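Those letters in the sequence shown? Residues 5 to 266, by the numbering used here. For reference, the structure is listed below as structure tokens.
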Amino acid sequence: MTTPPLARLVGATRRFGDLTALDDVTLDVHAGELIGLLGPNGAGKSTLLSLVQGRRRPSAGTVELFGGSPSDAAARVRLGSTPQETALPDTLRVGEVVDLVAAHYPDRVPTAELADEFGFADLLRRQCGALSGGQKRRISVSLAFVGRPKLVLLDEPTTGLDVDARHTLWSAIRRHHAAGTTVVVTSHYLEEIEALAERVIVIDHGRVLADDTLGAVRDRVMSAVVELASPEPVRVAALPHVVRDEVVGEGVRRRWPRAPHR
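As structure tokens, then:
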């Protein structure tokens, strides 16, 4: 007997006026998977997650979460998520915020355990208003796991993090996945998807271009490296579809994805 998926999209389309943000997407998320949604900014990754979360409804097609509607409150207790942008109350201490969120779940992760896992044990008594952007991001991502959810959706989880914090976060995500949590991570960084995902879904202009194992997608979606010498690196940084960048001397190295083979 086939186990039903935790989340299912069938012909899911979402329009905002004349803009089609998600275009006829069909996919399943099965228990135990660690999925990477890879694509440039504006590809439709966040819109896809918002449909699964029940924050938006599809303009066409269907979306199911745990076999029912994503808007069902009972289903949401088994779902953890961190959107691209989050805000923490400035006057509350970090430990108080963790306890506040955890109170919504019947089986919570202890505050000290969560803080150790995600590397913010030294911040528990600090007010959130005194935190750096990277520290706030690390805490926001950890809150997606505080209720021991069956499915976690993370939208660009390492935005604003330095290298050490990024690796700490990756390790924590992998540990939770190994313990049985199903995780979907969005990113426009191939490096991040390579570090985490077992199954990779490439999305652009609202359409799924590839859905396969990491190795298979990596072979199809190779990237081209171009070095540009420019006195205005900020303007160069604004070029579309860049998945990785670094400053090299007086120039800027940009990495673009090649289109997948059809």
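Beta carbons are placed, not taken as given, at the ideal position from N, Cα and C, and that holds for glycine. Owing to the predicted nature of the structure, the values given are computational and were not obtained by experimental measurement.
Span separating the alpha-carbon of glutamate 198 from that of proline 93: 34 angstroms
Cβ distance (whole Å) where leucine 118 is taken to contact valine 102 below 8 angstroms: 6 angstroms
Nearest-angstrom Cβ-Cβ length linking arginine 18 and threonine 51, presumed shorter than 8 angstroms: 5 angstroms
Collapsed DSSP secondary structure at glutamine 131 in the structure displayed: strand
Distance, threonine 90 Cα to aspartate 208 Cα: 24 angstroms
Three-state secondary structure assigned by DSSP to arginine 266: Because arginine 266 sits at a pLDDT of 44, beneath the cut-off of 50, its placement in the model cannot be relied upon, and the following sentence gives the value as read from the coordinates. DSSP places arginine 266 outside both helix and strand once states are collapsed to three, so it counts as coil.
When Leu127, Gly40, Leu13 are compared against leucine 96, the one with the closest alpha-carbon: Leu127
Beta carbon of arginine 178 nearer than 9 angstroms to that of threonine 163: no
Leucine 23 in three-state terms, based on DSSP: strand
Given 8 angstroms, three or more beta-carbon pairs between the segment 60–77 and the segment 136–151: no
CA-to-CA distance, alanine 116 to threonine 24, given in whole angstroms: 43 angstroms
Start and end residues, beta strand (DSSP E) containing aspartate 76: Where aspartate 76 is concerned, there is no enclosing beta strand (DSSP E), given that its DSSP letter is neither H nor E.
Pair within 9 angstroms by beta-carbon distance, arginine 12 and leucine 31: Result yes, Cβ atoms of arginine 12 and leucine 31 sit closer than 9 angstroms.
Of the listed residues Leu55, Tyr193, Thr186, nearest to proline 87 (C-alpha basis): Leu55
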